[in-house]
Structure formats: structure tokens, C-alpha cells
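According to numbering that gives the first Met the number 0, the sequence shown is numbered sequentially starting from 0. In this text, a Cβ means the ideal position worked out from N, Cα and C, and glycines have one as well. Written out below as C-alpha cells is the structure these notes cover.
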Amino acid sequence: MIIMKTDATQEQIAEVVKEIKKCGLRADVSQGKYRTVIGLVGDETKIPFAHFAVLPGVKEAMMVETPYKLISREYSKFSEGEGEGLVVKVGNIEIGGDVPIFIAGPCAVESKEQLFKIAEEVKKAGAHILRGGVFKPRSSVHSFQGLGAAGWEEAEKALDWLREAGKRFKLPVVTEIRGEAQVDLAAKYADMLQIGARNMYNQDLLSKVAKKNKPVLFKRHFGAGIEEFLSFAEYIAVEGNKNIVLCERGILPLGKGKNYTRYTLDLAAVPTIQKETYLPVIVDPSHGTGRRDLIFNMSCAAIAAGASGLMIEAHYNPAEALVDAQQAITPDELKETIDACQRIHKLIASERNEKG
Ligand code: PEP
Ligand code: MN
0 MIIMKTDATQ
10 EQIAEVVKEI
20 KKCGLRADVS
30 QGKYRTVIGL
40 VGDETKIPFA
50 HFAVLPGVKE
60 AMMVETPYKL
70 ISREYSKFSE
80 GEGEGLVVKV
90 GNIEIGGDVP
100 IFIAGPCAVE
110 SKEQLFKIAE
120 EVKKAGAHIL
130 RGGVFKPRSS
140 VHSFQGLGAA
150 GWEEAEKALD
160 WLREAGKRFK
170 LPVVTEIRGE
180 AQVDLAAKYA
190 DMLQIGARNM
200 YNQDLLSKVA
210 KKNKPVLFKR
220 HFGAGIEEFL
230 SFAEYIAVEG
240 NKNIVLCERG
250 ILPLGKGKNY
260 TRYTLDLAAV
270 PTIQKETYLP
280 VIVDPSHGTG
290 RRDLIFNMSC
300 AAIAAGASGL
310 MIEAHYNPAE
320 ALVDAQQAIT
330 PDELKETIDA
340 CQRIHKLIAS
350 ERNEKG
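Right, dumping it as C-alpha cells:
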């Protein structure tokens, strides 16, 4: 990491970038409120730090020993000061700002009617962003794979419904991209691109999605540790796209007996990740529990833990949802949940302010 002096000129910054490239590395130039910080992308051991430290305009050249740098608190501390975290804009919605953001919708887009009906109802319930999967990751090849499985034309039709439903009800939309071949198409229709838990480790997909320069909803793999999760988020950041929203969605439960939940929702991950990075963190209690009767409680808990928002699966007829029927809640339940979360957020925010 190269920290420039506050009065460093653009020429001096360009010179440092040139020197970094000469060493075979890439440079991430972050021009912050206070000063410019340049992150080195690649193998830092190749860098003669002493040489960089004496270049004109350079305040300090230092080695950062974490597998993620560009998304670290430390990196933003030098350019932005000790201020707030990053606010990620999705359409006109800000994730990571002063209020929690609720992403809701069906697990899968099933039909135009289903989607429009749910979009209207989640909007009324207080949701800010509409979700809906067209390319579904499924454990069994024999189950419904999303409308995208029927071919590109069907996929495009479903994505178009998503965009139209979003426009009609003034909700930006997010959809999952399951494979590299889907990136260009999905990016044409969605405001935010989701990388699902199963693809957290898919470096090529991460890079390709990042390059679309749209906000990315990045979900933690159910077997990934926090450091690993953040290390892979860095693959998005190095492409110059820091508009990343991290999502805790549950990790594999332990032990042999019945666990009663689909995954173990790791709520301690929220404040832990917030200490490590400036990126906003949201929670998905739907996949995190797999049980509709637990969504209310875990949503409240996630907001109390400091999450910047939630992603909740909702359906007007949960039992009939083609995917994840057991965890979808009704629009009425969604409203109840969002209202409670808003109250909890206010309470917790004032408690935190008092605590300082
Ligand atoms: C989803 O959000 O639709 C989904 C499949 O979640 P996850 O990737 O967390 O399993
Ligand atoms: Mn689902």
C-alpha cells in the first residue's frame, strides 16, 4: 500500500502507478477525502518498498499482511479517515447508509403474474429492492432450475419481467448470475448482480461480474470462514468495482443429530466483518434458517447485530412456491418483519450513539 502526501500531484500519482506496473503489478488508485492511497494488486514481495518510499509525493510505503487489502478498513482509513463505511447505490437505494434496506421477492421468478403480484406486495410491505432468481442453483437436477434453464429466449423474457416489475413498482432489481455465460445477459436487465453462496469461490465468475461495474451482492459460501469470504470479495474489488454488498446467509450446521435449521446463521459475522472492511453487510435469514417460522426473530436479531439490511424470500402463497417453499413468508409477515426491524434499528442506533 502506497500512501501519498495530502498535496501529492496527479503527475506524482501517475509516476507511482507507472513504477508499480514496471514491477509487474496492478495499481488500485483510491482518491479519498483526505489523500490518495494506492493499493498494489499482485505479489507484493516483488516490490522494493524502500524505492517507493522515496518517490516524490509518497508519504509512506507499507506492506499490508492480509489476503484482502482494497476492501479493508485500513485501506479506507488512510484515504477516507475514520468515517462511515461505504454506501453502495442500487438505483436510487443506498445500502450502508443510515437506514436498513430490505431486499425481498420470490426465490425464483415463476411467471409474469407471480412476479408482478409479489413485486406489488413487497413494495407495499416496505421493501426497497426486488429479488428473483432466473438461474437457480439447485441440489437436484430434477427440480425446477429457474426459467433461465429453458433457453436464452426464456431467460431474457424472465429478466425482462423482472426489470419491468421493478420499474412498475419503483424497486431496483437484483438477480443471481450462476455462470459466466449468463453475465452479459443478466447485466442488461438487473440493477444489482448477485453471486450466490455456491459461487463464492468462482474467481473467473467474480472477475467477469465485477467488470460490469454494477453493484454486486456477494454471498458467503456455507463452508467459508470470514477471512476466506473477504479474500474472495477482493477479487471483485481488484477489478476496480468496490460496490460490493456482503451477505451472511448461514454456514453448515455441526454435529450428527437433527439441527432443525437448514444452515446456522452466523450473526457474529456481521460486526466482525464490519471491523475488517468498510463494505456494507446484509443478512439473509431465509436461506440462513430455511424456516419461515424463524424469519421474524432472526431478522430482528440481524438488525440488532448491525446489519445494513436483509434479504427475505416472500410469496403470496408460500406453500406453492416452486423453490424454497418452506422458508418463504407472506407479504403480511414481511410487513410485520420490516416494521419491527425499523423500530429495532432506531432503538439500536440511539443506543450505539449513546455508547459513542
Ligand atoms: C438465493 O439467494 O437465491 C440463493 C440461492 O441463496 P444462496 O446462494 O445463499 O444459497
Ligand atoms: Mn431461495
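- A contact between stretches requires three or more CB pairs, one per stretch, nearer than 8 Å, and the segment 80-98 fails this requirement with the segment 41-60.
- Assignment of residue 223 by DSSP, reduced to helix, strand and coil, places it in the coil class.
- For a cut-off of 8 Å, the C-beta gap from residue 35 to residue 3 is around 4 Å, short enough to register as a contact.
- Comparing alpha carbon positions, the residue from 249, 87, 11 and 172 closest to residue 289 is 249.
- Under the DSSP assignment, residue 30 falls in the beta strand (DSSP E) whose first and last residues are 25-30.
- Under the three-state reduction of DSSP, residue 177 is assigned to coil, being neither helix nor strand.
- Pairwise C-beta distances place the segment 71-79 in contact with the segment 275-284, as three or more of them are shorter than 8 Å.
- DSSP places residue 134 outside both helix and strand once states are collapsed to three, so it counts as coil.
- Residue side-chain check: residue 248 places its Cβ nearer than 6 Å to a non-hydrogen atom of the ligand PEP.
- A distance criterion of 6 Å places the beta-carbon of residue 218 in contact range of the ligand PEP, judged by its closest non-hydrogen atom.
- Around residue 182, the same chain offers 176, 207, 208 and 211 as residues with beta carbons nearer than 7 Å, after the five sequence neighbours per side are excluded.
- Annotation for residue 236: 69 and 70 place their beta carbon closer than 6 Å to its own, counting only its chain and skipping 5 residues before and after.
- When DSSP states are grouped into helix, strand and coil, residue 217 belongs to the strand group.
- Excluding residues up to 5 positions away in sequence, 67, 70, 217, 243, 245, 276 and 278 lie with their Cβ nearer than 8 Å to the Cβ of residue 232 in the same chain.
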